[in-house]
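Heads up: the structure comes next, in structure tokens.
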Amino acid sequence: MHGREVGRQIHEDRSAGYEERLAAYQRESAPECGDRFTAMPWMDDGELHIDGICLVATMVQAFNLRLPKTLVPPSTCTGCRHVGAADPVSVRTEAERSMVAANAWERARHAERSCSAWRGMQTATHDQVSKLFQALLADAGWDQVEEEDKWWDLDAPGTGWGHRRPDITALHPSTGVKYVFDVMIRWATAETAGREAGAGAAWAEAYKVKRYADALGRLDDAEDALALREGRAPNYTRRDVFVPLAFEGGGAWGARAKDLLLTCGRRMEGEKHEVLHWSGMGWGKHWRQRIGVAIARGRARLLVRAATGRALWGSGGRKGRQGKDAKRPSPLSTEWDQHSC
Ligand SMILES: [Zn+2]
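Residue numbers are given in this note's numbering: position 171 of the sequence shown equals residue 354, and the series is strictly consecutive.
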């Protein structure tokens, strides 16, 4: 897909809609973007499975290909009743065909970027990515991995905009320092169109850092005040560390999340390699695939829902099995077997 020849063609192409195709190609250029596709062949069921319609939607969204008829949302949005541009009455010339294709993409983009009706689906995907990251941290030996710790930043003035409730808090496996994580998925947006993969995630990281600055400052001030009262030096090693976990709809990860995954893998490799021939790289790829598939499936389902009204729920696998095979391990299991990837 990322062959040199394909890349050259995409860069030289000037047919209708080329800007969006080129932008999509650039968004897909981070190495981790490919992980969601490599996850599929060896697992045709369960958490890492993407069913047929979602696979088509994922490919079309990833590379801004022409939308197949089944994935074109109606001109009046079924979610918010927004009325988009009407298609030409007759479709015979190339210009008319291009207009139909452009309208189709306009509606698909409305569903993903500006329609309020499908926000809940994006939130559900965000929550799933957060859960996967919790499982990842637990697997990597982090302690007290907690979701939405309501006790964090409790001293915030009022319940207004100042108070932060992070998606995840956990204690570092070797230092015991409390880490505070917040997940953000940057779906395809107008602001990052045409920019390289990771630009949207970098934006999200900076946004989250700014959002958390006051809360972290409050906690530092509280520790300083406590130290003053107790007549000791402030304890700098006990300060919470904030890490924004940012992802893009196209699959690119933010630098901070990538660093974290790499460090976890390396640390575990040091511990486990001798006895298990354990590979931190394989472990990292496994989590990139799980998170990549969760985002791709969430994004694809939104388009399917906007286009067909069909809600695709569940883990994305086939309908539940019958009989003795019915019971499957939890899709958020922290177990990892390096032979399965
Ligand atoms: Zn809408």
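Where a beta carbon is used, it is the ideal one built from N, C-alpha and C, also for glycine.
### Task
Helix, strand or coil for residue 494, going by three-state DSSP, please let me know.
Mapped onto the sequence shown, residue 494 falls at position 311. Three-state DSSP puts residue 494 in coil, outside helix and strand.
### Query
Can you tell me where the beta strand (DSSP E) with residue 329 in it begins and where it stops?
Position 146 of the sequence shown, counted from the start, is the residue given in the question as residue 329. Taken as a continuous stretch (DSSP letters only), the beta strand (DSSP E) holding residue 329 covers 326–330.
### Query
residue 356 and residue 386: beta carbons closer than 8 Å?
Taking the sequence shown and counting its residues from 1, the one referred to as residue 356 is at position 173. Taking the sequence shown and counting its residues from 1, the one referred to as residue 386 is at position 203. With a cutoff of 8 Å on beta-carbon distance, residue 356 and residue 386 are scored as not near each other.
### Task
Check whether the Cβ of residue 492 lies closer than 7 Å to any heavy atom of ligand 1, and answer yes or no.
As a position in the sequence shown, residue 492 is number 309, starting the count at 1. Answer for residue 492: no, Cβ out of range of ligand 1.
### Query
What residue does the beta strand (DSSP E) around residue 362 start on, and which one ends it?
What you label residue 362 is simply residue 179 of the sequence shown in a count that begins at 1. Segment 361–369, the beta strand (DSSP E) holding residue 362.
### Task
Look at the alpha carbon of residue 471 and the alpha carbon of residue 390, and state the distance between them as a whole number of angstroms.
Taking the first residue of the sequence shown as position 1, residue 471 is located at position 288. Taking the first residue of the sequence shown as position 1, residue 390 is located at position 207. Each residue's alpha carbon lies about 23 Å from the other.
### Message
What does the alpha-carbon distance come out to for the pair residue 311 and residue 369?
### Response
The residue labelled residue 311 in the question sits at position 128 within the sequence shown. The residue labelled residue 369 in the question sits at position 186 within the sequence shown. About 15 Å.
### Task
Starting from the Cα of residue 448, find the closest Cα among 440, 202 and 464 and give me that residue.
Along the sequence shown, read from residue 1 onward, the residue named residue 448 stands at position 265. Minimum Cα distance to residue 448 is reached at 464.
### Query
Helix, strand or coil: how does DSSP classify residue 214 here?
Taking the sequence shown and counting its residues from 1, the one referred to as residue 214 is at position 31. The DSSP-derived three-state label of residue 214 is helix.
### Per-residue DSSP class, three states only, for residue 193
Here residue 193 refers to the residue found at position 10 of the sequence shown. In the structure shown, residue 193 sits in a helix (DSSP, three-state: H, G or I).
### Task
Taking residue 204 and residue 193 to be in contact with their CB atoms under 8 Å, please state how far apart those CB atoms are, rounded to whole angstroms.
Start at 1 with the first residue of the sequence shown, and residue 204 comes out as number 21. Start at 1 with the first residue of the sequence shown, and residue 193 comes out as number 10. Rounded, the Cβ-Cβ distance is 6 Å, consistent with contact.
### Query
Is residue 262 near ligand 1, in the sense that its beta carbon is under 7 Å from a heavy atom of that ligand?
Here the question's residue 262 lines up with position 79 in the sequence shown. Yes.
### Message
Can you tell me which residues form a DSSP beta bridge with residue 428?
### Response
For the purposes of this step, residue 428 is identified with residue 245 of the sequence shown, where counting begins at 1. 366.
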